[in-house]
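Residue numbers (our numbering): 6 to 368. Take a look at the structure set out below.
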Ligand code: SF4
């Protein structure tokens, strides 16, 4: 491998060394004019030496390689609730990792400093700063129960997720894939056996929204794929929508979105509604009023969802879990505390026995 100023070039791509790592054959397809990347739904067709939209993938002699394997741009030890994930191992600590690059260009991205980076620069590294082995070592050293890929989109780094997830399971850690939902079925089939939680960000159901703020078209595969993750691989799925005034906060849209979650994933699937904070290129959109978030919650409940959570400070009870059958308070949450009350070790309400779908132990 040869580092030119700021750019990684692949004179001799050393497979499994440095920051270069060859793709599994299941997530690439050689075609007459190039090799198609099957990691995310952009499905870039890459000619010789061309990098993908995300800059995290390059074609070298008809084979695809990750360009920033093990290059971590952000890391932290956080409770799983911060992702947000509320129904899987509540109150446990995770090691959260994020690499460079992304397959979307959301104008409001809170993590643009890492997500919009050219991955080939690799933070000027010639070797991974956090290899999968080191990630596991760190997680255990920090007394974490799980490993999370977040901050940027993990589907652009499938081999890193694949290798670290397998090691995580061997070490007894659970794994959480925090995604914008633009993963492909091929990538899910590769990663699925090693992923425990699929936390999907459904920004909108409308093509116009994605065109306007994320430089892409709507992804109709998102919910079917989440269902596949849930039903075929037994992965725990939670959903989140950041409510943005004027862009995705219309009642009709929110009701339709909640209805789709019920239809594809079931009424027990948590839906997290979060407040939009003006940021980056979308500072002209104001912060979401608490009343809008609470109205969205009512719409979600009216569509049949049992667990619709918010981050509205004025309504702290909307962060708690209540039994949908007998209304008992099951889990009480604040921004820095999780108190588990009436929950059995197999995720049922102590009072009435209702199955809440909360995973308390590793299978
Ligand atoms: S992961 Fe990157 S290269 Fe592959 S299809 Fe998505 S944007 Fe294109």
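Note that the Cβ used here is the ideal one computed from N, Cα and C, for glycine as well.
Kindly identify the DSSP beta-bridge partner or partners of residue i.
i           : result
residue 79  : 103
residue 353 : 360
residue 241 : 202
residue 188 : 45
residue 155 : Bridge partners of residue 155: none, in fact.
residue 26  : 71
residue 248 : 280
residue 64  : 69
residue 39  : 36
When DSSP labels each residue in this structure, what does residue i get in the three-state scheme?
i           : result
residue 21  : Because residue 21 sits at a pLDDT of 43, beneath the cut-off of 50, its placement in the model cannot be relied upon, and the following sentence gives the value as read from the coordinates. It is coil, neither helix nor strand.
residue 71  : strand
residue 347 : coil
residue 33  : strand
residue 84  : strand
residue 91  : coil
residue 181 : strand
residue 150 : coil
residue 141 : helix
residue 119 : helix
residue 58  : coil
residue 110 : coil
residue 161 : helix
residue 135 : coil
residue 96  : coil
residue 51  : strand
residue 376 : Any answer about residue 376 is impossible in this case: the structure gives the chain only from 6 up to 368.
residue 260 : helix
residue 266 : helix
residue 253 : coil
residue 234 : helix
residue 173 : helix
residue 209 : coil
residue 193 : helix
residue 228 : helix
When we look at the beta-carbon of residue i and count the other beta-carbons within 10 Å, is it buried (16 or more) or exposed?
i           : result
residue 9   : Legend: pLDDT at residue 9 = 35, less than 50; position of this residue unreliable, value from coordinates given subsequently. Exposed, since its Cβ has fewer than 16 Cβ neighbours within 10 Å.
residue 315 : buried
residue 308 : buried
residue 35  : exposed
residue 170 : buried
residue 270 : buried
residue 354 : buried
residue 20  : Summary for residue 20: the model assigns pLDDT 42, below 50, so the residue's position carries little reliability; its value from the coordinates is reported in the next sentence. Classification for residue 20: exposed.
residue 204 : buried
residue 297 : buried
In chain order, what are the residue ranges of uninterrupted alpha helix (DSSP H) at least 4 long that sit wholly in the stretch 272-341? Runs found: 295-307.
Taking 8 Å as the threshold, find out whether the stretch 229-243 comes into contact with the stretch 180-191 through three or more Cβ pairs. A contact exists between the stretch 229-243 and the stretch 180-191.
Is the stretch 102-109 touching the stretch 256-274, taking contact as three or more C-beta pairs under 8 Å? The count of Cβ pairs closer than 8 Å, one atom from the stretch 102-109 and one from the stretch 256-274, stays below three, leaving the stretches out of contact.
Count the C-beta pairs between the stretch 276-284 and the stretch 239-246 that are closer than 8 Å, then say yes if the count reaches three, no if not. Because the criterion of three Cβ pairs below 8 Å is met, the stretch 276-284 and the stretch 239-246 touch.
Segment contact flag, the stretch 170-180 with the stretch 70-81, C-beta cutoff 8 Å, min 3 pairs: Short answer: they don't touch.
Does the count of Cβ pairs from the stretch 279-291 and the stretch 331-343 closer than 8 Å reach three? Not touching, per the Cβ criterion.
For the stretch 150-169 against the stretch 113-126, do three or more pairs of beta-carbon atoms, one drawn from each stretch, fall closer than 8 Å, so that the two count as touching? Short answer: they touch.
Quick test of the definition: if touching needs 3 or more C-beta pairs under 8 Å, does the stretch 196-203 touch the stretch 178-186? With the cut-off at 8 Å, the stretch 196-203 and the stretch 178-186 touch.
Do the stretch 107-115 and the stretch 208-221 make contact, defined as three or more Cβ pairs closer than 8 Å? The answer is yes - the stretch 208-221 touches the stretch 107-115, with three or more Cβ pairs under 8 Å.
Would you say the stretch 43-58 touches the stretch 136-145, given that touching needs at least three Cβ pairs under 8 Å? No, because fewer than three Cβ pairs between the stretch 43-58 and the stretch 136-145 fall closer than 8 Å, the two stretches do not touch.
Cβ pair count under 8 Å reaching 3, the stretch 248-256 against the stretch 284-292: Short answer: they touch.
Count the CB pairs spanning the stretch 83-99 and the stretch 26-33 that are closer than 8 Å, and state whether there are at least three. Counting Cβ pairs under 8 Å, fewer than three are found: no touch.
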